[in-house]
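Engineer: Residue numbers (our numbering), protein chains in the order written: chain A, 1 to 411; chain B, 1001 to 1411. Cβ coordinates follow ideal geometry from the N, Cα and C atoms, glycine included. I'd like to ask some things about the structure below.
Protein chains: 2
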Amino acid sequence: MKITTVKGTNDYLPEEALIRDYLQNQILEVYRSRGFMRISTPAIESAENLDKSEGGENLNLIFKILKRGDKLAEAMASGSEAELSDMGLRYDLTLPLCRYYANNKAKLMSPAKCIQIDKVYRAERPQKGRLREFVQCDIDILGSESENCEIELMDTTAQALLAIGMKDFTIKVNDRKLLKSFLTAFGFDPAHFDSICITMDKLDKIGVDGVAAELKEKAFDEAATEKLMAVIAGGDLSLEKVSEIAEDKESAARVARIIETAKTLADGKYGIVYDITLIRGQGYYTGTVFEVESHEFRGAIAGGGRYDHLIGKFIGESVPAVGFSIGFERIFGILMAQGFKIPNAKAKIALFYDSDKFLDAARQAEVLRANYTVSMLERPKKLGKFLGRIQEAGFDGYLVFGEGEEPKLFA
Amino acid sequence: MKITTVKGTNDYLPEEALIRDYLQNQILEVYRSRGFMRISTPAIESAENLDKSEGGENLNLIFKILKRGDKLAEAMASGSEAELSDMGLRYDLTLPLCRYYANNKAKLMSPAKCIQIDKVYRAERPQKGRLREFVQCDIDILGSESENCEIELMDTTAQALLAIGMKDFTIKVNDRKLLKSFLTAFGFDPAHFDSICITMDKLDKIGVDGVAAELKEKAFDEAATEKLMAVIAGGDLSLEKVSEIAEDKESAARVARIIETAKTLADGKYGIVYDITLIRGQGYYTGTVFEVESHEFRGAIAGGGRYDHLIGKFIGESVPAVGFSIGFERIFGILMAQGFKIPNAKAKIALFYDSDKFLDAARQAEVLRANYTVSMLERPKKLGKFLGRIQEAGFDGYLVFGEGEEPKLFA
Chain A
1 MKITTVKGTN DYLPEEALIR DYLQNQILEV YRSRGFMRIS TPAIESAENL DKSEGGENLN
61 LIFKILKRGD KLAEAMASGS EAELSDMGLR YDLTLPLCRY YANNKAKLMS PAKCIQIDKV
121 YRAERPQKGR LREFVQCDID ILGSESENCE IELMDTTAQA LLAIGMKDFT IKVNDRKLLK
181 SFLTAFGFDP AHFDSICITM DKLDKIGVDG VAAELKEKAF DEAATEKLMA VIAGGDLSLE
241 KVSEIAEDKE SAARVARIIE TAKTLADGKY GIVYDITLIR GQGYYTGTVF EVESHEFRGA
301 IAGGGRYDHL IGKFIGESVP AVGFSIGFER IFGILMAQGF KIPNAKAKIA LFYDSDKFLD
361 AARQAEVLRA NYTVSMLERP KKLGKFLGRI QEAGFDGYLV FGEGEEPKLF A
Chain B
1001 MKITTVKGTN DYLPEEALIR DYLQNQILEV YRSRGFMRIS TPAIESAENL DKSEGGENLN
1061 LIFKILKRGD KLAEAMASGS EAELSDMGLR YDLTLPLCRY YANNKAKLMS PAKCIQIDKV
1121 YRAERPQKGR LREFVQCDID ILGSESENCE IELMDTTAQA LLAIGMKDFT IKVNDRKLLK
1181 SFLTAFGFDP AHFDSICITM DKLDKIGVDG VAAELKEKAF DEAATEKLMA VIAGGDLSLE
1241 KVSEIAEDKE SAARVARIIE TAKTLADGKY GIVYDITLIR GQGYYTGTVF EVESHEFRGA
1301 IAGGGRYDHL IGKFIGESVP AVGFSIGFER IFGILMAQGF KIPNAKAKIA LFYDSDKFLD
1361 AARQAEVLRA NYTVSMLERP KKLGKFLGRI QEAGFDGYLV FGEGEEPKLF A
């Protein structure tokens, strides 16, 4: 039998699992303290829902579950791969949330402030930092168009990141409507917007000339490209500049208000910047999009945005919605690499006993549990050697039953 | 798009999810206080491991994951259903634990005291109380043959059940070796042991005559059946009686010691009984088996046993192991039906604000969070009506921004 995990998934050792639990609980507590409420949905969704969910490239990464019995035999006979499965594992928590909201609308408050901390599955090509089973920590506000929702999500996500010791991060903000209006002003074809932004996003790396060359290579409308390059070469892609060019002044004003208020709440503890090149892959975003960039990790550690039409696909009427998701695995990776330790953990001791003294030892263990985490262990033959092992395993001390009342703590 | 969950799975409302988290955390805390350490394994395992895992009837209930791309095309071309999948969702936490131990042996303490609280998947025929996605709470001790492990697991499981308010339960204990020796003494064919026990287990319901009739109907060895019926008719299936008949006095003595010591630790807070008819379905059990029966629920709420050979299938050498698993969904069902309330929860209030006062309200919310869980909500047009809704949703009070410092709590 195979002893390794299936490709792209992990076993977590006890000390890793303890830290994962601690971090998830800290995030959960920050979310809950702000009135968000955790909900829970199944990891399995119908294939129909997954396929229609506008998840962008993620739709190619769905793990499908095989039909069973007669249904499977029929599907095999049909010769069609698509017939083999009618369910799959969720690739994110947004689609299940929308289905959940549609399913439970009558029993939920409006607006509903939801937390989801759970596993999702993607058949990614395994590589460093890309897992096939991973945890996301999402908050969403459903049922409100107010831009205050965006601010609350940004503030709450940032507070959660601060609570677990993340430092040096910046929230990047953009707005799909404003972006569209900006690019439209130059005369670009809306079909090219994503591709243009992917190139613009490389400005830091390849410079103005590099961006110009790549845009030319991609052969978008020449006149539009020239006008855009003039702006880029001017070195100013600030919100003010973008707002000047874009016709959609309402979106521009909204983004400005969101950033200004969120900055005041941030109080210098983290950055908030406008970034015209921020896209986010999912097709379902309709307005604000945001992403948290860690300067240490050089990459996104959280992302989200407004998706006002996705719930409507379930219930026929549009329900405004906005969400922010922390990519838990990246955070976990960063903190572990930094040697993360759980603050104020209760000391853990071993109580060694001789087999025939189990009952009396159990009673002493119960007394000691008022102050310690106590693991009862049969006294090994070579206690001295064993002490090194338990210290490695994270124990803080030990007591041999019958040799006193208080444990000896390791130096 | 479909708004309901896939068959046999549940959405949990915020108040349900809160209680599920609370209960799981209480169980986890009891486990951890006794030195067990949580580990985490993927929900997906290789088909090979799942198929060879001796899971009894559960093997028929595995959700299989479809291959992808070229591999799927090849499998379709082969025309063989078995070729379509090489992974599946775990049906319990014991098989993944054994693979985990084999995979991480060098990094684990011996004995390893492990906790798993996680979701498992079974393609059960949907019916009341049978879910296709459900949570199990397992503790296991790997690497020790000592019967003290059994006692520690019984005590720890019972303490966890008591911590979440479960009352009126009894731990039933049996031992596969003792049972085998008992039935062998009458001359039964070992192949019939399971079937005999299933009938004996009905003694309460169908009486001595009923059991006699069913055993006769099943047409086991006639002389053996007669001798067994004489014992059953005698009305004494106690451990003492069984031990008298069985040749395996060592197992009899072990069971007696386990029960006696566990009873002393139980101190009358829950029952512990020997039950010759207790089988447990899994083929991998080798010695002690146990099950917790809730008198309120009239059914098993936890179960486990010793499985000394399962890990050996991975690493070639036998590693003694014993585990106890709480069936979380049954417990959750019982407690919810009893109107369970989380003790000592922090009061949750709504802070209503006018949209343009968001920033100042956010600052007041932060101050209030020292004492309350505070959810910021835009002031609705009809506040009076809305107050009823938030009370229903579990809020304990509210404050309108600008109308004072302290929230008004609902009566």
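(1) Short of 8 Å in beta carbon distance, which residues of its chain neighbour Ser238 of chain A, apart from the five on each side in sequence? Order them along the chain.
(2) Within 10 Å of its beta-carbon, does Arg1298 of chain B have 16 or more other beta-carbons around it, so buried, or fewer, so exposed?
(3) In this structure, how does DSSP classify Ser40 of chain A when only helix, strand and coil are distinguished?
(4) Please name the residues in the region 74 to 88 of chain A whose beta-carbon is closer than 8 Å to at least one beta-carbon of chain B, in chain order.
(5) Let me check understanding here. Comparing Cα to Cα, which of B:Gly1235, B:Gly1287 and B:Glu1222 lies closest to Ala1253 of chain B?
(6) Note down, in chain order, all residues in the region 252 to 271 of chain A with a beta-carbon under 9 Å from any beta-carbon belonging to chain B.
(7) Beta-carbon within less than 7 Å of Pro1320 of chain B's beta-carbon, same chain only, minus the 5 sequence neighbours each way: which residues are those?
(8) Kindly indicate the opening and closing residues of the alpha helix (DSSP H) around Gln1026 of chain B.
(9) List, in order along the chain, the chain A residues whose C-beta lies closer than 9 Å to that of Glu1152 of chain B?
(10) Give every residue of the same chain whose Cβ lies closer than 7 Å to the Cβ of Ser1355 of chain B, excluding the five residues on either side of it in the sequence, and list them in chain order.
(11) Arg1090 of chain B by DSSP, collapsed to three states: which one?
(12) Taking 6 Å as the limit between beta carbons, can you name the residues of its chain near Met1200 of chain B, skipping five residues before and five after?
(13) Interface residues of chain B around Arg34 of chain A at Cβ under 9 Å?
(14) Can you pull the chain B residues whose beta carbon is under 8 Å from the beta carbon of Met200 of chain A, in chain order?
(15) Using three-state DSSP, classify Asn1085 of chain B as helix, strand or coil.
(16) Check the DSSP bridge columns for Leu215 of chain A and list the partner residues they point to.
(17) Measuring alpha carbon to alpha carbon, tell me which of A:Glu48, A:Met1 and A:Leu97 ends up nearest Tyr1101 of chain B.
(18) For the region 17 to 50 of chain A, which residues have a beta carbon sitting closer than 9 Å to at least one beta carbon of chain B?
(19) Would you say Leu183 of chain A and Phe193 of chain A are within 7 Å of each other, going by their C-beta atoms?
(20) What does Asn1174 of chain B pair with, by DSSP beta-bridge criteria?
(21) Going straight from the alpha carbon of Phe1395 of chain B to that of Val367 of chain A, what length do you get?
(22) Can you name, in chain order, every residue of its own chain whose Cβ lies under 6 Å from the Cβ of Tyr121 of chain A, other than the five neighbours on each side?
(23) Could you work out which residue in A:Ala411, A:Lys381 and A:Phe352 is closest to Glu405 of chain A when comparing CA atoms only?
(24) Could I get the ranges of all uninterrupted beta strand (DSSP E) runs contained in the region 1132 to 1159 of chain B, with 3 residues as the minimum, in chain order?
(25) So who's on the other strand from Gly1271 of chain B, going by DSSP bridges?
(26) In the DSSP assignment, find the beta strand (DSSP E) that holds Ala1419 of chain B and state where it starts and stops.
(27) Where are the alpha helix (DSSP H) runs, 4 residues long or more, that stay fully inside the region 1231 to 1284 of chain B, in chain order?
(28) I need the boundaries of the beta strand (DSSP E) containing Phe1118 of chain B, first residue and last residue.
(29) Identify each residue in the region 310 to 326 of chain A for which the Cβ-Cβ distance to at least one residue of chain B is less than 9 Å, and report them in chain order.
(30) Does DSSP put Leu108 of chain A in a helix, in a strand, or in coil?
(31) For Met336 of chain A and chain B, any beta-carbon pair shorter than 7 Å?
(32) Name the DSSP bridge partner or partners of Phe324 of chain A?
(33) Which one of A:Glu222, A:Ile349 and A:Gly281 has the shortest CA to CA distance from Glu54 of chain A?
(34) For the structure I just gave you, are there three or more beta carbon pairs, one from the region 326 to 343 of chain A and one from the region 359 to 366 of chain A, closer than 8 Å?
(35) Starting from Ala47 of chain A, trace the alpha helix (DSSP H) in both directions and tell me its first and last residue.
(36) Report the residues of the region 1134 to 1165 of chain B with a CB closer than 8 Å to any CB of chain A, ordered along the chain.
Structural biologist: Here's the rundown:
(1) The residue given as residue 238 of chain A occupies position 238 in the first sequence. Same-chain partners within the cutoff: Tyr274.
(2) By 1-based counting over the second sequence, the position of residue 1298 of chain B is 298. It is exposed - the Cβ of Arg1298 of chain B has fewer than 16 other Cβ atoms within 10 Å.
(3) Looking up residue 40 of chain A in the first sequence gives position 40. DSSP places Ser40 of chain A in strand when its eight states are reduced to three.
(4) Met76, Gly79, Glu81, Leu84, Ser85 and Met87
(5) Along the second sequence, one-based indexing puts residue 1253 of chain B at 253. For Ala1253 of chain B, the nearest C-alpha among the options comes from B:Gly1287.
(6) Thr261, Thr264 and Leu265
(7) Locating residue 1320 of chain B in the second sequence gives position 320, counting from the first residue. So the qualifying residues of the chain are Gly1143, Ser1144, Glu1145 and Asp1308.
(8) For the purposes of this step, residue 1026 of chain B is taken as residue 26 along the second sequence, with counting starting at 1. Element bounds for Gln1026 of chain B: Pro1014 to Ser1033.
(9) For the purposes of this step, residue 1152 of chain B is taken as residue 152 along the second sequence, with counting starting at 1. Those are Phe358, Ala362 and Met376, listed as they occur along chain A.
(10) For the purposes of this step, residue 1355 of chain B is taken as residue 355 along the second sequence, with counting starting at 1. Within the same chain, Ser1355 of chain B has close Cβ partners Glu1378.
(11) For the purposes of this step, residue 1090 of chain B is taken as residue 90 along the second sequence, with counting starting at 1. Arg1090 of chain B: coil per DSSP, three-state reduction.
(12) In the second sequence, counting from the first residue as 1, residue 1200 of chain B sits at position 200. The residues are Thr1277.
(13) Counting from 1 along the first sequence, the entry for residue 34 of chain A is found at position 34. Here the neighbours are Ala1365, Arg1369, Thr1373, Val1374, Ser1375 and Met1376.
(14) Here residue 200 of chain A is taken as the residue at index 200 of the first sequence, counted from 1. Within chain B, no C-beta atom comes nearer than 8 Å to that of Met200 of chain A; the closest sits roughly 32 Å away.
(15) In the second sequence, the residue the question calls residue 1085 of chain B occupies position 85. The sequence shown places Ser at residue 1085 of chain B, not Asn. In the structure shown, Ser1085 of chain B sits in a strand (DSSP, three-state: E or B).
(16) Reading the first sequence from its first residue, position 215 is the one you call residue 215 of chain A. According to DSSP, Leu215 of chain A bridges with nothing at all.
(17) Your numbering for residue 1101 of chain B matches position 101 in the second sequence. If we check each option's Cα against that of Tyr1101 of chain B, A:Met1 comes out closest.
(18) Ala17, Leu18, Arg20, Asp21, Asn25, Leu28, Arg32, Ser33, Arg34, Gly35, Phe36, Met37, Arg38, Ile39, Ser40, Thr41, Pro42, Ala43, Ile44, Glu45, Ser46, Glu48 and Asn49
(19) Residue numbering aside, residue 183 of chain A sits at position 183 when the first sequence is read from its first letter. Residue numbering aside, residue 193 of chain A sits at position 193 when the first sequence is read from its first letter. Yes, the Cβ-Cβ distance between Leu183 of chain A and Phe193 of chain A is below 7 Å.
(20) Here residue 1174 of chain B corresponds to residue number 174 of the second sequence, with the count starting at 1. Asn1174 of chain B pairs with B:Val1289.
(21) Residue 1395 of chain B sits at position 395 when you count from the first residue of the second sequence. Residue 367 of chain A sits at position 367 when you count from the first residue of the first sequence. Those two C-alpha atoms are separated by around 38 Å.
(22) Stepping through the first sequence from its first residue, residue 121 of chain A is reached at position 121. Once the five neighbours on either side are set aside, the close Cβ partners of Tyr121 of chain A are Phe63, Leu89 and Glu133.
(23) Counted from its first residue, the first sequence places residue 405 of chain A at position 405. Cα-wise, what sits closest to Glu405 of chain A is A:Phe352.
(24) 1133 to 1142
(25) As a first step, residue 1271 of chain B is located in the second sequence; it is residue number 271 there, counting from the start. In DSSP, Gly1271 of chain B forms a bridge with B:Thr1170.
(26) Nothing in the structure corresponds to residue 1419 of chain B, since chain B is present only between 1001 and 1411.
(27) 1239 to 1245 and 1249 to 1266
(28) Mapped onto the second sequence, residue 1118 of chain B falls at position 118. It is Asp, not Phe, that sits at residue 1118 of chain B in the sequence shown. Unbroken beta strand (DSSP E) run through Asp1118 of chain B: Ala1112 to Tyr1121.
(29) Lys313, Phe314 and Ile315
(30) Against the first sequence, residue 108 of chain A aligns to sequence position 108. Coil.
(31) Numbered from its first residue, the first sequence carries residue 336 of chain A at position 336. It does not; no Cβ of chain B falls within 7 Å.
(32) Numbered from its first residue, the first sequence carries residue 324 of chain A at position 324. DSSP, once it has assigned bridges, lists A:Ile139 and A:Gly304 as partnering Phe324 of chain A.
(33) Translated into positions along the first sequence, residue 54 of chain A becomes position 54. Out of A:Glu222, A:Ile349 and A:Gly281, A:Gly281 has the C-alpha closest to the C-alpha of Glu54 of chain A.
(34) no
(35) For the purposes of this step, residue 47 of chain A is taken as the residue at position 47 of the first sequence. Element bounds for Ala47 of chain A: Ala47 to Asp51.
(36) Listed in sequence order: Ser1144, Ser1146, Asn1148, Ile1151, Glu1152 and Asp1155.
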